[in-house]
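To convert, count from 1 in the sequence shown and add 9; that's my numbering. Just so it is clear, CB atoms sit at the ideal spot from N, CA and C, and this is done for glycine as well.
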Amino acid sequence: MNTTASRRRAVRTILSEHEVSSQTSLVELLAERGYEVTQATVSRDLRALGAVKARSAAGTIRYVWEPGGDQSGPVEALADALSTYARSVRASGNLVVLKTPPGAAHVVAAAIDSADLRGVLGTVAGDDTLLVVADEAAGGRAVTRLIEEIGASG
């Protein structure tokens with residue numbers, strides 16, 4: 010079933026994986042994933058997600074999306090970011106290590122920081138790995154379970 014929510018998740022994934030410079034290109038990429046939509050629908054989706062055009066490191070103009078840019082709350086944005094990008098979540102002591110595709114760790118870290126989760130002191134993001142520091146009372150295992158639960162709801 011191609012619902013608006015699943016299509017918008019697909020848009021976020023496409024924007025993170027491809028340098029999309031036009032709405033026409035996005036329509037084509039969505040069609041490859043089974044979403045037959047018009048340019049007007051893509052335009053509404055981009056606006057609803059808070060996607061904007063920005064210059065890439067290579068100097069080209071492309072659409073970008075960051076969690077929290079859409080109209081949902083921070084925990085919903087985190088659920089979307091986790092379901093889209095998180096590949097693994099593991100605990101060690103009061104630390105949680107999340108693996109993402111290259112270039113996506115900062116997106117998940119920003120979403121975790123914005124969600125202000127109980128027991129999370131902060132995050133540090135690299136390219137494809139981020140570290141979540143849990144307070145000693147909560148511990149890494151409890152924060153891992155919380156992150157996994159939120160990610161499963163996205």
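Once DSSP output is grouped into helix, strand and coil, what is the label at residue i?
i: V105; result: strand
i: T93; result: helix
i: A100; result: strand
i: R127; result: coil
i: R150; result: helix
Given this structure, state the Cα-to-Cα distance separating residue i from residue j, to the nearest angstrom.
i: L38; j: E145; result: 45 Å
i: V51; j: Q32; result: 7 Å
i: L139; j: Y94; result: 12 Å
i: W74; j: R127; result: 26 Å
Classify residue i as buried or exposed, calling it buried when 16 or more other Cβ atoms lie within 10 Å of its own Cβ.
i: D136; result: exposed
i: V61; result: exposed
i: A86; result: buried
i: S25; result: buried
Could you tell me which residues DSSP pairs with residue i in its beta bridges?
i: V133; result: L140
Task: Segments assigned beta strand (DSSP E), at least 3 residues, entirely inside the segment 26–85 - done: 61–64 and 70–73
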